[in-house]
Each structure stands twice: as C-alpha cells, then as structure tokens.
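Chains as they are written, first to last, in numbering that gives the first Met the number 0: chain G, 0 to 221; chain U, 0 to 156. Think of the CB as a built atom: it goes at the ideal place given N, C-alpha and C, for glycine as much as any other residue. This report refers to the structure that appears directly beneath it.
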Amino acid sequence: MKIAQIAGFLGSGKTTLLIEVAKLLVDKGKKVAIVVNDVGEINVDFKIIESYGLKAKEISGGCICCEIAGNFANTLSLLYTNFNPDIVIVEPSGVAIPWGLKRAAEYSEAEVPVTIEHAPVLTLVDATRIDTLMGTVRRLVVTQVREADVCLINKVDAADDARIARAEELVRSVNPKCGIMRTSTHTGLGVGEVADIIADRTSSRYDEAMEKALLEKEYGSG
Amino acid sequence: MSLDDDHDDIHLAMHREADELGKFASHLAVRSPRPLSQEETVRFLDELLYQVTKECMDHGADLVGHVKAFLRSEDGAMSASLIDIEKRSNVTHDFSHGATFLEGDLTLHVIVHGIWDDVVKDSSQAAMERVFEQFGIEHTVLKDYYDTEKSISHHMK
Chain G
0 MKIAQIAGFL
10 GSGKTTLLIE
20 VAKLLVDKGK
30 KVAIVVNDVG
40 EINVDFKIIE
50 SYGLKAKEIS
60 GGCICCEIAG
70 NFANTLSLLY
80 TNFNPDIVIV
90 EPSGVAIPWG
100 LKRAAEYSEA
110 EVPVTIEHAP
120 VLTLVDATRI
130 DTLMGTVRRL
140 VVTQVREADV
150 CLINKVDAAD
160 DARIARAEEL
170 VRSVNPKCGI
180 MRTSTHTGLG
190 VGEVADIIAD
200 RTSSRYDEAM
210 EKALLEKEYG
220 SG
Chain U
0 MSLDDDHDDI
10 HLAMHREADE
20 LGKFASHLAV
30 RSPRPLSQEE
40 TVRFLDELLY
50 QVTKECMDHG
60 ADLVGHVKAF
70 LRSEDGAMSA
80 SLIDIEKRSN
90 VTHDFSHGAT
100 FLEGDLTLHV
110 IVHGIWDDVV
120 KDSSQAAMER
130 VFEQFGIEHT
140 VLKDYYDTEK
150 SISHHMK
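Below you can see the structure in the form of structure tokens.
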C-alpha cells in the first residue's frame, strides 16, 4: 500500500490538486483512498473531498505525525482491511512533518500484514503568495520544503514570472536536491505528471539515521 | 540530544508558528424563507467569506490562512474558499441547473494570521450576522469550535 503525502501551507491548493490527482488515478484503475488531517475538530476539506464521491477518511483533533500517530496507523489498517487501496493520498495538517508522517504510516505494519511504501513527498508552494508567506510564516514553509522530494510551484497561471522565480529560488536554497515542477490545477498544468509521480515513483522509508543527519546539517548537532 | 528530542524541538517550533494563526469554526443549520437561486446562493457564500475575512483583516489579521465554507442541501453541495481578499472566493458546486436553495447545513472554517482566536471568533460572528441579515437567511448554530482548535497543548505535558 503506497502512501502519498501532499503537503503545503494553508491555501496552497492541496485539496484542489488532491481531488484532480485522485480522479486521474481512479481513471487509471487505481484504488485510491484519501486521508485528510486537521489539528482542529472540524474539517471542511474532508466534506469537499467526500462530495466528489472519493473514498475519504477524516482524522481530526490533532496532528497525525505526532500526538495522534496511532490514530493514523489505525485508519490505515482499517483502510487496508476494508478497502485495500493501492494508494492512500494524505493531506496532512499544516504542521505535520513529512518524515514523522512516514514513521506513523509504518506503524500500521505492526497491526495488519501490509507493507507500506511511500510516494515522493510533494510540497506545494503558492507562487502567488510567496512574498507574504515568507514574511509571516517562513518557518512552516521552509520546513515543509526541506522535507520534500518534489516541490510543486503552484498557481503559476496567476503568478508573475518574478514570484515564480522567487519560489523556485527558495526551494533550491532550502533543499537543493528537491525536484521542482510548475503546476496549476486551474489550467491543468502538471496535474497528470503529479499523478504519474505518485503512481510510478517511490521515496525512501523512514530512516532514523538519515533524518538525524539531515537535522544536524540543517540545525546543528544541538 | 536524541532524534526524538530534535523532532520535538522542530515540531514544537512549527506548532508555535501555527499557533500564531487565529482559528474559528462553526457548524450551522441555515434556512432561507424564500428559494434562493443557484446564483444567489453563490453570491451568499462569496459575500459571507469576503465579509468574514474583511472583518478579520480590519481587526489586525495580516495573512489569510484559509477561509472556507461548505454548504450541503437537498439540491447539492457548494464549497467556497477565499485565500486572498483582493480576489474574492472560488466557489464550486454540483447544484443542477434551476435548482434552488431553501435549507441546509453550513460549515465555516476561518484561519488567519496575526490575531488571536477570540478576535477571529468575534470578527467572524459579527460578519456572519451581517451577511445572514443581508440575504434574509435564518440560522441556528449547531456547534462552534472556538475551544477545540488546539495544536500546541500536547507538547506542553
């Protein structure tokens, strides 16, 4: 069972992209489930996704990479038992750390006979608001970019070239190894490629030593 | 320092940053004494999100996280999202042509940066009352989520 994370700050277009990508994957014959997480107890995105007839589960009231990691593992176990999806697309809360979510997903292997693999971690960066975001919530944005395998510079149809260039420069400076793609769900740019990345490519499993090295490089050894 | 400690530090920092986002959510039953056309219903949701956001910005918010609404009725579902107050809302729906709105279930979720939850709540509620009155919508609050939008508390054990 493959886990695909679509991360990004609030308003970056996660839900809209997720719905379009999920529909494409279903059209390709994949069994797709969606898990939506919010730290609050109400989740409008879940209601929207469900209204498209997609198989969705909601995990609210906490962040799935830390305080309710067990709930996430249970949800994956239930999905495996009752629906057996090929791909579970996860829209994490705005404060989830991607490798924490990988670790939480792998907990489900202790509950059911499933092997978890991960699609590349995708982080959306809103090109239209890059300057405002970096001025107010820089730490959140940088941490999500740092942990991505591919960053999607989103809403490029509505952003000028200078903003798109600044968003790409941010990604290159924070995470030089990260792939960069331009996307727009409004025009459909890149949506098919995102579906292909999720379906065809994988990312490493949770590796404590690797993560430790990454943290020390980024923040020092403490 | 262990990896878990490192993880906690970074995660705590992220939660702190997220806690600088003011949040409010509300779940309501709404009813219109007269049938609202699909276009009027779109205008209602758009105006609701605009006025809620504007009220928050007028009270000190400096960034919209997201302001979203989801309306479900017998005739279909309608969702609206506002990210940038200059660009109004993006509204999508599956109402069939000619369908009208009479009553349904409305969920509103507001996240903005720069003001605390109590200001978001007061601003949202003031704007909601105004817009409900403007469109003649009757409403009952089923639940508001002011006290349950928590994120940092589990790190404070």
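> Looking at the structure shown, is LEU81 (chain U) part of a helix, part of a strand, or coil, going by DSSP?
Replying inline: Sequence index remark: in the second sequence, residue 81 (chain U) carries index 82 (1-based). In the three-state reduction of the DSSP assignment, LEU81 (chain U) falls in the strand class, which pools E and B.
> What does SER78 (chain U) touch in chain G if you count any residue whose Cβ is under 8 Å from its own?
Replying inline: As a first step, residue 78 (chain U) is located in the second sequence; it is residue number 79 there, counting from the start. Around SER78 (chain U), the beta-carbon contacts reaching into chain G at under 8 Å are VAL43, LYS46, ILE47, SER50.
>> Could you compute how far the alpha carbon of SER123 (chain U) sits from the alpha carbon of LEU47 (chain U)?
In response: For this step, residue 123 (chain U) is matched to residue 124 along the second sequence. For this step, residue 47 (chain U) is matched to residue 48 along the second sequence. C-alpha of SER123 (chain U) to C-alpha of LEU47 (chain U): approximately 9 Å in a straight line.
> Does any CB atom of chain U fall closer than 8 Å to the CB of VAL124 (chain G)?
Replying inline: Residue numbering aside, residue 124 (chain G) sits at position 125 when the first sequence is read from its first letter. Not an interface residue.
>> So, under 8 Å CB-CB, HIS117 (chain G) and LYS1 (chain G) are touching, yes? Tell me the CB distance rounded to an integer number of Å.
In response: For the purposes of this step, residue 117 (chain G) is taken as residue 118 along the first sequence, with counting starting at 1. For the purposes of this step, residue 1 (chain G) is taken as residue 2 along the first sequence, with counting starting at 1. That belief holds up - the Cβ atoms of HIS117 (chain G) and LYS1 (chain G) are roughly 7 Å apart, short of 8 Å.
>> Would ILE67 (chain G) and ALA21 (chain G) qualify as a contact pair, given that the criterion is a beta-carbon distance under 8 Å?
In response: Stepping through the first sequence from its first residue, residue 67 (chain G) is reached at position 68. Stepping through the first sequence from its first residue, residue 21 (chain G) is reached at position 22. No; because the gap between Cβ atoms is not below 8 Å, this pair is not in contact.
> What is the rounded straight-line gap between the Cα of TYR205 (chain G) and the Cα of ALA194 (chain G)?
Replying inline: Residue numbering aside, residue 205 (chain G) sits at position 206 when the first sequence is read from its first letter. Residue numbering aside, residue 194 (chain G) sits at position 195 when the first sequence is read from its first letter. Going by the C-alpha atoms only, they are around 22 Å apart.
> Can you tell which of G:VAL124, G:ASP85, G:ASP44, G:ILE129 has its C-alpha closest to the C-alpha of THR114 (chain G)?
Replying inline: Position 115 of the first sequence, counted from the start, is the residue given in the question as residue 114 (chain G). The closest CA to that of THR114 (chain G), considering only G:VAL124, G:ASP85, G:ASP44, G:ILE129, is found on G:ASP85.
>> Among G:LEU188, G:THR131, G:LEU169, whose alpha-carbon lies nearest the alpha-carbon of GLN143 (chain G)?
In response: For the purposes of this step, residue 143 (chain G) is taken as residue 144 along the first sequence, with counting starting at 1. Comparing Cα positions, the closest option is G:LEU169.
> CYS55 (chain U) lies in the beta strand (DSSP E); which residues open and close that run?
Replying inline: Translated into positions along the second sequence, residue 55 (chain U) becomes position 56. Premise fails: CYS55 (chain U) lies in the alpha helix (DSSP H), 37-57, not in any beta strand (DSSP E).
> Taking Cβ to Cβ, would you say PHE23 (chain U) is nearer than 8 Å to LYS120 (chain U)?
Replying inline: If you number the second sequence from 1, residue 23 (chain U) lands on position 24. If you number the second sequence from 1, residue 120 (chain U) lands on position 121. Yes.
>> Taking contact to mean 3 or more Cβ pairs, one atom from each stretch, closer than 8 Å, check whether the stretch 7-18 of chain G and the stretch 140-156 of chain G are in contact.
In response: For the pair of segments examined, the stretch 7-18 of chain G was found to touch the stretch 140-156 of chain G: the number of CB pairs separated by less than 8 Å reaches three.
>> Just checking: is the beta-carbon of HIS65 (chain U) within a distance shorter than 8 Å of some beta-carbon in chain G?
In response: As a position in the second sequence, residue 65 (chain U) is number 66, starting the count at 1. Answer yes: the Cβ-Cβ gap between HIS65 (chain U) and chain G drops below 8 Å somewhere.
>> According to DSSP, is THR201 (chain G) part of a helix, a strand, or is it coil?
In response: Numbered from 1 along the first sequence, position 202 holds the residue referred to as residue 201 (chain G). Coil.
>> According to DSSP, simplified to helix, strand and coil, what is PRO32 (chain U)?
In response: As a working note, residue 32 (chain U) is residue 33 in the second sequence. Secondary structure of PRO32 (chain U) (DSSP, three-state): strand.
> To which residues of the same chain is LYS156 (chain U) closer than 8 Å at the C-beta, ignoring the five residues directly before and after it?
Replying inline: Walking along the second sequence from the start, residue 156 (chain U) turns up at place 157. Because the pLDDT at LYS156 (chain U) is just 40, under 50, the model does not fix this residue reliably, and the point stays unresolved.
> Can you tell me whether DSSP reads MET0 (chain G) as helix, strand or coil?
Replying inline: As a position in the first sequence, residue 0 (chain G) is number 1, starting the count at 1. In the three-state scheme derived from DSSP, where H, G and I count as helix and E and B as strand, MET0 (chain G) is classed as coil.
> Leaving out the 5 sequence neighbours to the left and right, which residues in its chain are closer than 7 Å to ALA158 (chain G) when beta-carbon positions are compared?
Replying inline: Indexing the first sequence from 1 puts residue 158 (chain G) at position 159. Same-chain partners within the cutoff: ALA126, THR127.
> Using the rule of at least 16 other Cβ atoms within 10 Å of the residue's Cβ for burial, across every protein chain shown, is TRP115 (chain U) buried or exposed?
Replying inline: The count along the second sequence starts at 1 and reaches residue 115 (chain U) at position 116. It is exposed - the Cβ of TRP115 (chain U) has fewer than 16 other Cβ atoms within 10 Å.
>> Runs of 4 residues minimum, wholly inside the stretch 136-166 of chain G: which ones carry the alpha helix (DSSP H) assignment?
In response: Here the runs fully enclosed are 137-145.
> Can the beta-carbon of ASP117 (chain U) be found less than 8 Å from the beta-carbon of PHE94 (chain U)?
Replying inline: As a first step, residue 117 (chain U) must be located in the second sequence, where it is residue number 118. As a first step, residue 94 (chain U) must be located in the second sequence, where it is residue number 95. Between ASP117 (chain U) and PHE94 (chain U), the C-beta gap is not smaller than 8 Å, which leaves the two residues out of contact.
> Distance, Cα to Cα, ARG71 (chain U) vs HIS96 (chain U)?
Replying inline: The residue you call residue 71 (chain U) lines up with position 72 of the second sequence. The residue you call residue 96 (chain U) lines up with position 97 of the second sequence. Distance between ARG71 (chain U) and HIS96 (chain U), taken at the CA atoms: about 16 Å.
> When DSSP builds the beta bridges, which residues end up paired with ALA68 (chain U)?
Replying inline: The residue you call residue 68 (chain U) lines up with position 69 of the second sequence. The partner list for ALA68 (chain U) (beta bridge, DSSP) reads U:ALA79, U:LEU107.
> How about THR40 (chain U): is its C-beta nearer than 8 Å to some C-beta of chain G?
Replying inline: The residue you call residue 40 (chain U) lines up with position 41 of the second sequence. No, no contact with chain G.
> Which of helix, strand or coil does DSSP assign to HIS154 (chain U)?
Replying inline: Residue mapping note: residue 154 (chain U) aligns to position 155 of the second sequence, counting from 1. Since pLDDT at HIS154 (chain U) reaches only 46, below the 50 mark, its modelled position is unreliable, and the value read off the structure follows with that caveat. Residue state, collapsed to three classes: helix.
> With distances taken from CA atoms, which of U:LYS142, U:LEU141, U:ILE136, U:TYR145 is nearest PRO34 (chain U)?
Replying inline: For the purposes of this step, residue 34 (chain U) is taken as the residue at position 35 of the second sequence. When C-alpha distances from PRO34 (chain U) are compared across U:LYS142, U:LEU141, U:ILE136, U:TYR145, the shortest belongs to U:ILE136.
> Does the Cβ of THR139 (chain U) have 16 or more other Cβ atoms within 10 Å, making it buried, or fewer, making it exposed?
Replying inline: As a position in the second sequence, residue 139 (chain U) is number 140, starting the count at 1. Its Cβ having fewer than 16 others within 10 Å, THR139 (chain U) is exposed.
> Three or more beta-carbon pairs under 8 Å between the stretch 16-31 of chain G and the stretch 67-80 of chain G, yes or no?
Replying inline: When Cβ pairs closer than 8 Å are counted between the two stretches, the stretch 16-31 of chain G is seen not to touch the stretch 67-80 of chain G, the count staying below three.
> Is the distance from the Cβ of ALA32 (chain G) to the Cβ of LEU78 (chain G) below 8 Å?
Replying inline: Indexing the first sequence from 1 puts residue 32 (chain G) at position 33. Indexing the first sequence from 1 puts residue 78 (chain G) at position 79. Between ALA32 (chain G) and LEU78 (chain G), the CB-CB gap stays under 8 Å.
>> Can you tell me whether LYS27 (chain G) is helix, strand or coil according to DSSP?
In response: For the purposes of this step, residue 27 (chain G) is identified with residue 28 of the first sequence, where counting begins at 1. Correct three-state label for LYS27 (chain G): coil.
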